[in-house]
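This note's numbering puts the sequence shown at residues 56 to 213. The C-beta atom is built at its ideal place from N, Cα and C for all residues, glycine as well. Being a predicted model, the structure only gives us computed values, none of them experimental. Below is one structure, written out as structure tokens; comments come after it.
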Amino acid sequence: MANPNTELIERFYRAFQDLDAEAMAACYAHDIRFEDPVFGTLRGREAGDMWRMLLARASDFSLTYSDIRASGQTATASCVATYLFSRTRRKVINEIHSKFAIREGLIVEHTDTFDLWRWSRQALGLKGWLLGGTSFVQDKIRQEARKGLAEYRRQAAS
56 MANPNTELIE RFYRAFQDLD AEAMAACYAH DIRFEDPVFG TLRGREAGDM
106 WRMLLARASD FSLTYSDIRA SGQTATASCV ATYLFSRTRR KVINEIHSKF
156 AIREGLIVEH TDTFDLWRWS RQALGLKGWL LGGTSFVQDK IRQEARKGLA
206 EYRRQAAS
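Listed below in structure tokens is the structure:
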């Protein structure tokens, strides 16, 4: 018998592959807590809006996923997202490891981890190579991401 939590995570990643942010958000509970190195902690609709924004901007995008494992009400997975970073048009290959908590058939916690310095070297070029490991640049990346999400949410609300 298939594990329903494994099926949920597979559904989430298939939607990600298809650039279907609505289907991704439908895998989340209304009180989802999402966290990653760029956006920090997002809650509720804000997490779904992050996917809506990112996938609307996606260019030359592909995603592979693997190693989905579920035990009880938790799951883990790995994925590799390949895309052109919208601001610089530089190619990024981001290796992401994810942890999920699941309640009543929906994801209630989603934590992505990846190497932000590695990401910045790809996305920002020389600046990322030289300064991407510093807290100053990483904080700037986070500020810009949150600013972009806030602007996207303002536009979506109007």
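In or out: residue i buried (at least 16 other Cβ within 10 Å) or exposed?
i, result
"Leu-181", "exposed"
"Asp-157", "A small fix is needed here, since residue 157 is Ile in this sequence, not Asp. Classification of Ile-157: buried, given that the 10 Å Cβ count is 16 or more."
"Arg-176", "buried"
"Ala-136", "buried"
"Ile-148", "exposed"
"Ala-212", "exposed"
"Asp-167", "buried"
"Ile-123", "buried"
"Ala-57", "exposed"
"Ser-117", "exposed"
"Gly-280", "The shown model of the chain, from 56 to 213, leaves out residue 280, and the question about it has no answer."
"Arg-98", "exposed"
"Gly-187", "buried"
"Leu-185", "exposed"
"Ala-205", "exposed"
"Ala-81", "exposed"
"Phe-89", "buried"
On the three-state DSSP scale, how would you describe residue i?
i, result
"Ala-76", "helix"
"Asp-91", "strand"
"Asp-194", "helix"
"Thr-143", "coil"
"Asp-167", "strand"
"Gly-188", "coil"
"Gly-183", "helix"
On the DSSP bridge list, what partners appear for residue i?
i, result
"Ser-126", "Thr-129"
"Cys-134", "Tyr-120, Ile-151"
"Ile-162", "Tyr-83, Ile-157"
"Arg-98", "Arg-88"
With a threshold of 7 Å on Cβ separation, who are the neighbours of residue i within its own chain once the five nearest residues in sequence on each side are excluded?
i, result
"Ser-114", "Tyr-138, Leu-139, Ser-141"
"His-85", "Gly-99"
"Leu-48", "A query on residue 48 cannot be resolved here, the shown segment of the chain reaching from 56 to 213 and no further."
Identify, in the order they occur along the chain, each residue of the same chain with its Cβ nearer than 6 Å to the Cβ of residue i, setting aside the five sequence neighbours on each side.
i, result
"Ala-70", "Ala-78, Met-79"
"Ile-151", "Cys-134, Asp-167, Phe-169"
"Asn-112", "It should be pointed out that residue 112 corresponds to Arg in this sequence rather than to Asn. The residues are Ser-141."
"Ser-121", "Ser-133"
"Tyr-207", "Met-108"
Let me see if you follow: with CB-CB separation under 8 Å, is residue i close to chain D or not?
i, result
"His-165", "Checking the listed chains, one finds no chain D in this structure; it contains a single protein chain."
Could you pull out every residue in the same chain whose Cβ sits closer than 8 Å to the Cβ of residue i, ignoring the five residues on either side in sequence?
i, result
"Thr-143", "Ala-178, Leu-179, Gly-180"
Is the stretch 89-103 touching the stretch 122-132 in the sense that three or more CB pairs, one from each, lie closer than 8 Å? no
Counting Cβ pairs closer than 8 Å, one from the stretch 81-100 and one from the stretch 184-200, do we hit at least three? yes
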